[in-house]
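One line per chain: the protein sequences are A and B, in this order.
Anchor point for the first sequence: position 230 equals 230 in the working numbering, and the numbering is continuous, going up by one each time.
Anchor point for the second sequence: position 173 equals 415 in the working numbering, and the numbering is continuous, going up by one each time.
Right, one structure below, let's go through it.
Protein chains: 2
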Amino acid sequence: MKKVGEPTPKTRLLRAAAALLAESNGEAVSTRQITQAAHVTAPTLYHHFGDKEGLFDAVVAEGFSEYLDAERNLPTSGQPVEDLRMHWDNHVQFGLDHPHLYLVMFGNIRPERRPSMVASAEAFLEEVLARAAAAARLVVTPHEAARSILAANIGVTLMLIAEPAAKRNLELSAMTREAVISAVATDSEADPTTDTEGTPSVVVAAIALNAALQSSHPDQLSGSELKLFLEWLQRISSRSGS
Amino acid sequence: MKKVGEPTPKTRLLRAAAALLAESNGEAVSTRQITQAAHVTAPTLYHHFGDKEGLFDAVVAEGFSEYLDAERNLPTSGQPVEDLRMHWDNHVQFGLDHPHLYLVMFGNIRPERRPSMVASAEAFLEEVLARAAAAARLVVTPHEAARSILAANIGVTLMLIAEPAAKRNLELSAMTREAVISAVATDSEADPTTDTEGTPSVVVAAIALNAALQSSHPDQLSGSELKLFLEWLQRISSRSGS
DNA sequence: GTAGCACCTATAGCGGTGTTATATGAATTG
DNA sequence: CAATTCATATAACACCGCTATAGGTGCTAC
């Protein structure tokens, strides 16, 4: 009853699952729907994927590798900060192109059950940021920068997905992107909190904090604590070489 | 069979659902579990809430009104931008206090099925921002600012919820908060590191110094000194103290 | 050829899920 | 006291994820 030359049941299952997931607007997709669409019975699914979740993980993994491939194939402009913008936009675009996949990938955050690929997205972003750091464009560590940017990126994408496509305003993305990037990197070298070597200057930051503390005393520290804190700050500020 | 004076079945259902939702770590909660815990049979649930989703909506609505009440009862510092920081922190804290509820409220974004309360959270934020606008502290419209801030706020909170409580680094929140706020509002009319109102700039400077210290440890401070110093720095950065 | 042997798939069914048609009890009202 | 309305319970339906079991299929070995 079956034609030869057709794709194997395993790939048929994958495609059917992906298709149904994309169609059904966020509603649950049953294994019976999937197996029926793939012209396959239940045990086949469990033989190949072990689990319903296993199947969905496979679908997500496919979509995610597509995403990562797109990320890696983005042309590098030679300007790390500009690259950062490109990757942000690519992330948002991927979310809008595959909203349901995206929700499974980044929205469905169960602690301890979170797809490890999110971590690798973070790692990838960190790579890009490491290049920015090497180019003396970073004010904080690549790791922190990556987390902050990714968090904002996901938040913006989720919000854009949530609202009807017609009403989507991509300026939200651009605006937030600039906000978080400019807090983390600098387009040029003029920023006073960055020394010539690219690493955040402890001395400059300490001096800035010291100055700020002159005009306002934080209530998180007691008087004696503050006294010692300022003394240490002074010691750090007066350091000679880096 | 039943004691009198006990809460009505309706509230028992609500409490049982909330409790089970909070306990079961992101796993699905069945109507049978709920009705059994509430000492009630299925039709009672459907009589009062029409739907499983109706019940969960009611639970979420309760949690959300709790959240909004907390928001409204936050003391206003008179400094709109400072209020903004407070509301951001309150949002994050609520997410960390009620992670599962939060995921249902903000994470489980099905287009067209998104709880209307998210919209009212946005509206509330917009109010706060309108006050900032009135104080001439805003560089974009309150609406745009609210969306951008809320998106980043949700993204950060989701990311913090996703990672194990022990490893949570609240600096991610502070850092992103400052990024998105400073892109949208201005603390005063001049250099952000030397304003006349005090605390905010201290926070920024403290965060910068903290970041700088991550990559290079000064030799002017001993190990134990540095440890205490960083702890204080953290305290200043997170401005959680009274 | 055919015996053995993995591999893959199907039949049929289990326990659990959300939900509801129907019926019963309790309270309120005439 | 009768009638009506609300709140709850009994029992069942259709569906769900999943699996014990068995039967094909193609391969290698003799």
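Even glycine gets a Cβ: it sits at the ideal position worked out from N, Cα and C.
Query raised in the report: Between the beta-carbon of glutamate 308 of chain B and the beta-carbon of asparagine 332 of chain B, is there less than 8 Å?
Result: no
**Report entry** is_contact[valine 370 of chain B, chain A] using C-beta, thresh 8 Å
**Finding:** no
Query raised in the report: Near threonine 428 of chain B, which residues of its chain fall below 7 Å by C-beta distance, leaving aside the five closest residues on each side in sequence?
Result: Arg379 and Val381
Query - Reduced DSSP category for alanine 427 of chain B - H, G, I as helix; E, B as strand; rest coil - result: Alanine 427 of chain B: strand per DSSP, three-state reduction.
Query raised in the report: Can you name the residues that DSSP bridges to leucine 221 of chain A?
Result: For leucine 221 of chain A, which the question treats as bridged, DSSP gives no partner whatsoever.
Report task. State whether the stretch 117 to 130 of chain A contacts the stretch 170 to 180 of chain A, with contact taken as three or more CB pairs (one from each stretch) at a distance under 8 Å. Result -> no
**Report entry** Beta bridge counterpart(s) of leucine 55 of chain A as assigned by DSSP
**Finding:** Paired residues: none, contrary to the question.
Query raised in the report: For alanine 152 of chain A versus alanine 394 of chain B, is the C-beta spacing smaller than 8 Å?
Result: yes
Query raised in the report: For proline 75 of chain A, is the classification buried or exposed, using 16 other Cβ atoms within 10 angstroms of its Cβ as the cut-off for buried?
Result: Taking all protein chains shown into account, proline 75 of chain A has fewer than 16 neighbouring C-beta atoms within 10 Å of its C-beta and is therefore exposed.
**Report entry** Close beta carbons around alanine 421 of chain B, own chain, < 6 Å, minus the five adjacent residues each side
**Finding:** The answer is none, since no qualifying residue turns up.
Query raised in the report: Is the shortest distance between the beta-carbon of threonine 428 of chain B and the beta-carbons of chain A less than 8 Å?
Result: no
Query raised in the report: Should alanine 22 of chain A and histidine 100 of chain A be called a contact, given that it needs their Cβ atoms to be closer than 8 Å?
Result: yes
**Report entry** Proximity test, Cβ basis, 8 Å: alanine 363 of chain B and chain A
**Finding:** no
Requested in this report: Indicate the three-state DSSP secondary structure (helix, strand or coil) for leucine 257 of chain A in the structure shown.
Outcome: As shown, chain A starts at 1 and ends at 242. That puts residue 257 of chain A outside it, with no answer to give.
Report task. Would you mind stating whether valine 301 of chain B and valine 398 of chain B have Cβ atoms separated by less than 8 Å? Result -> Contact: no.
Query raised in the report: Looking at the C-beta of glycine 198 of chain A, does it have a partner C-beta in chain B at a distance below 8 Å?
Result: Caution applies to glycine 198 of chain A, whose pLDDT of 43 falls short of 50 and renders its modelled position unreliable; the model cannot decide the point.
Query raised in the report: Shortest alpha-carbon distance to glutamate 463 of chain B belongs to which of A:Ser222, A:Phe229 and A:Glu82?
Result: As written in the sequence, residue 463 of chain B is leucine, which differs from the glutamate given in the question. It is A:Phe229.
Requested in this report: Starting from threonine 418 of chain B, find everything on chain A with Cβ-Cβ shorter than 7 Å and list it in chain order.
Outcome: Within 7 Å Cβ-Cβ: Ser148, Ala151, Ala152 and Val180.
Query - Bridge-paired residues (DSSP) for leucine 380 of chain B - result: Per DSSP, B:Ala427.
Query raised in the report: How about glutamate 324 of chain B: is its C-beta nearer than 8 Å to some C-beta of chain A?
Result: Not an interface residue.
Query raised in the report: Below 8 Å between beta carbons: does that hold for threonine 31 of chain A and alanine 42 of chain A?
Result: Contact flag set, yes.
Report task. Please compile the residues from chain B whose C-beta is within a distance smaller than 7 Å of the C-beta of tryptophan 254 of chain A. Result -> Limits of chain A in this structure are 1 at one end and 242 at the other, which puts residue 254 of chain A out of reach.
Report task. With DSSP collapsed to three states, give me the class of glutamate 231 of chain A. Result -> helix
Requested in this report: Ignore the nearest five residues each way along the sequence and tell me which others in phenylalanine 348 of chain B's own chain have a CB closer than 8 Å to its CB.
Outcome: Counting only Cβ-Cβ distances below 8 Å, and skipping sequence neighbours, we find Gly337, Val360, Ile396, Thr399 and Leu400.
Requested in this report: Name, please, each residue of chain B whose Cβ falls closer than 9 Å to the Cβ of methionine 105 of chain A.
Outcome: Residues of chain B whose Cβ lies closer than 9 Å to the Cβ of methionine 105 of chain A do not exist, since the nearest Cβ in that chain is about 12 Å away.
Report task. Return the residues of the stretch 17 to 42 of chain A that lie within a Cβ-Cβ distance of less than 9 Å from chain B, sorted by chain order. Result -> Asn25, Gly26 and Glu27
Query raised in the report: What is the DSSP secondary structure of serine 77 of chain A, reduced to helix, strand or coil?
Result: coil
Query raised in the report: For the candidate residues A:Lys227, A:Ser224 and A:Leu233, whose alpha-carbon lies nearest to that of valine 468 of chain B?
Result: Per the sequence presented here, residue 468 of chain B reads as leucine, with valine not at that position. The residue with the shortest Cα to Cα distance from leucine 468 of chain B is A:Leu233.
Query - alanine 264 of chain B: first and last residue of the uninterrupted alpha helix (DSSP H) it sits in - result: 251 to 265
Query raised in the report: Is histidine 289 of chain B closer than 8 Å to leucine 255 of chain B when the C-beta atoms are compared?
Result: no
**Report entry** With 16 other Cβ atoms within 10 Å as the buried cut-off, status of serine 148 of chain A
**Finding:** buried
Requested in this report: Kindly indicate the opening and closing residues of the alpha helix (DSSP H) around alanine 270 of chain B.
Outcome: Where alanine 270 of chain B is concerned, there is no enclosing alpha helix (DSSP H), given that its DSSP letter is neither H nor E.
Query raised in the report: From what residue to what residue does the alpha helix (DSSP H) around glutamine 284 of chain B run?
Result: The sequence shown places alanine at residue 284 of chain B, not glutamine. Note, alanine 284 of chain B: alpha helix (DSSP H), 284 to 291.
Query - Distance, proline 9 of chain A Cα to alanine 17 of chain A Cα - result: Separation of alanine 17 of chain A and proline 9 of chain A (C-alpha to C-alpha, rounded to the nearest whole angstrom) is 12 Å.
Report task. Below 8 Å CB to CB, which residues in the same chain sit around glycine 168 of chain A once its five sequence neighbours on both sides are set aside? Result -> The sequence shown places arginine at residue 168 of chain A, rather than the glycine named in the question. Here the set comprises Leu96 and Leu160.
Requested in this report: With a threshold of 16 other CB atoms inside 10 Å of the CB of glycine 305 of chain B, please say whether the residue is buried or exposed.
Outcome: buried
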